[in-house]
Every structure is written in structure tokens, then in C-alpha cells.
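When you line the sequence shown up against mature numbering (1 follows the signal peptide of the UniProt record, and there is no 0), it's residues -23 to -1, 1 to 218, in that order.
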Amino acid sequence: MYRMAGLALAAAAWLAPPTPALAADAVKPLQAVAFSVADDNLRQFGFALESAALADRVRANLAEWEFPLPGQGPFSHALQAKLGKVARRETPVGFSFSSGNSDPRAAEFQKADVLPITCTLRDAGNQAVLIERESTFSAHAFGKDVAQSYVTDKLVDQISTACLDVLEHAPLPKTEGRVKTALFKPKWMPDVRVEVREIPAAASGGEGSGTPAAIGDEPKKEVIIHNQGNPVIFTFGHERK
């Protein structure tokens, strides 16, 4: 008998702090980024994958989000993606459905075969790591009978998603208005994109006004999960929506 484990939301990987990075005023602007895919674990899917071919397609996707990723230098920064080995781990960020043991104490509770992808942004001059983040993706699509072209397409999407997250969180000066996606129309969209917004406290009440601020006037955090359909918005405060 199957038990429904339900829809599991795992946004912790995006909300967790990234690798400690240099202060924004201590690094140079993001002018030209060299992108590459490491050769690690590219043969684990049953056939050989060309890292250079993957990098070219990922570079095109990221460039659509108006990040400077030219095909040749000189470069101000270096961005590299590295695939880990498919392993049985916690479900990846986003929504997932599983059927099985619904007991949260069970060893297989909310576990799935996932592919970890680490994306690292460095200063091209001194090779200092500015930010490094690991993202995990479902490995369900990488079955033995799946065509090589489908696996390649899926990997391109997943690597692009992981590295877009790094670029968007990089502590570097960015082009004004670049993060406002309403100003440009990217053809490629990531599998899942988590945006965290700070909602400021209400101006009324509080210190200096003679009236204590209400609980509802405290700052809040809004988490938006952008997927291929309608975005899902969670607001965290005393209401715990």
C-alpha cells in the first residue's frame, strides 16, 4: 500500500547563506565572465558529454538574463559549474511529489535521487572565490533508456539554473535595472527560481511617534518561487502565511 507523502517544499538550499564572500566594494564590477563546465562526473549517465558544448549552451542561456558572458576574453571573472554524483538525498528545491512511507522518522522520508551541481564565481585575476553555491535537481529524468539528447537538454537547463542563482546573488556591482526582468524578455527560463524580498515595516507607530508599533507593522520576508507556471508566494511574519 502506498501512502501519500504529499507535496514537499524545500527552499532551504536557496535561503541558506552562501559561501562567505568579499564585500561588494572590495571587488571589481562584473564586466566579462568566462564560463566553463568541469569534466567531473560527465560520464555517469552512460555516455560521454562534451564539457565545451554544454558550456556554450549554458552561456547562451545566462546571457539572455543580461549577464556579460562573452565567448572570448579578456575576462574580469570566471564562473565554473561542476556536477556531483547522483545520490539519494533530500528532495531538491521546488515542489516534489512522492509516494511511500509518510512517517517523518523513516529513513526514506522525502528522499530522492538528486544531482548536485556546484557553481563557483571567482575573480579572474587573483582567483579569489566570491561566491559558491550548491543546488540539487531531480535525477528522475536520467533513466537508462532516455535518449542522450534529452539528458543533455535537461543538464543544460539544470546547470543554467544553478549558475543563474549564483550570478543573481553575487556581491558585485550590477547594471542598474538588470534584476528587473520586466525590462528584458529572456527566452530561456530556469526550472525553478527562488526570490527573497524584504518587506519594510509600516511607517506609522514605533519609536518617536509616541505609539508602539503593532506586531503587524514589523518587517517581513517574502519568498517567491518562480516556476514554469504561476509563481507561488509565501510571506513570513507573525501571521506565518
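The beta carbon of each residue, even a glycine, is placed where N, CA and C say it ideally should be. All of these numbers come straight from a predicted model, not from anything done at the bench.
DSSP lists C96 as the bridge partner or partners of R110. For S53, the secondary structure class from DSSP, reduced to helix, strand or coil, is coil.
The residue from V128, I108, Q104, K121 with its alpha-carbon nearest to that of F114 is V128.
Cβ-Cβ distances below 7 Å link W42 to L141, P163 in the same chain, with the five nearest sequence neighbours on each side left out; the list follows chain order. The alpha carbon of P51 has as its nearest neighbour, out of A9, G23, V133, D33, the alpha carbon of A9.
Apart from the 5 residues on each side of it in sequence, S13 sits with its Cβ closer than 6 Å to the Cβ of A32, Q57 in its chain, given in chain order. No Cβ-Cβ contact shorter than 7 Å links A147 with C96. Shown here for L60: same chain residues with a beta carbon closer than 7 Å to its own, the five before and five after excluded, namely D17, N18, L19, L92, I94 in chain order. Assigned with DSSP and collapsed to three states, V91 falls in strand. The residue from V123, D122, R99, G120 with its alpha-carbon nearest to that of V143 is R99. The C-beta of D134 has 16 or more other C-beta atoms within 10 Å across all chains shown, which makes the residue buried.
Rounded to whole angstroms, the Cβ separation of A55 and A105 is 11 Å, and the two are not in contact under 8 Å. With respect to S137, V35 sits close: the two C-beta atoms are nearer than 7 Å. Within the same chain, and ignoring the five residues on either side of F24 in sequence, the residues whose Cβ sits closer than 7 Å to its Cβ are Q125. Collapsing the DSSP output to three states places E41 in coil. Counted as a single uninterrupted DSSP element, the stretch harbouring V123 is not any beta strand (DSSP E), since DSSP gives it neither H nor E.
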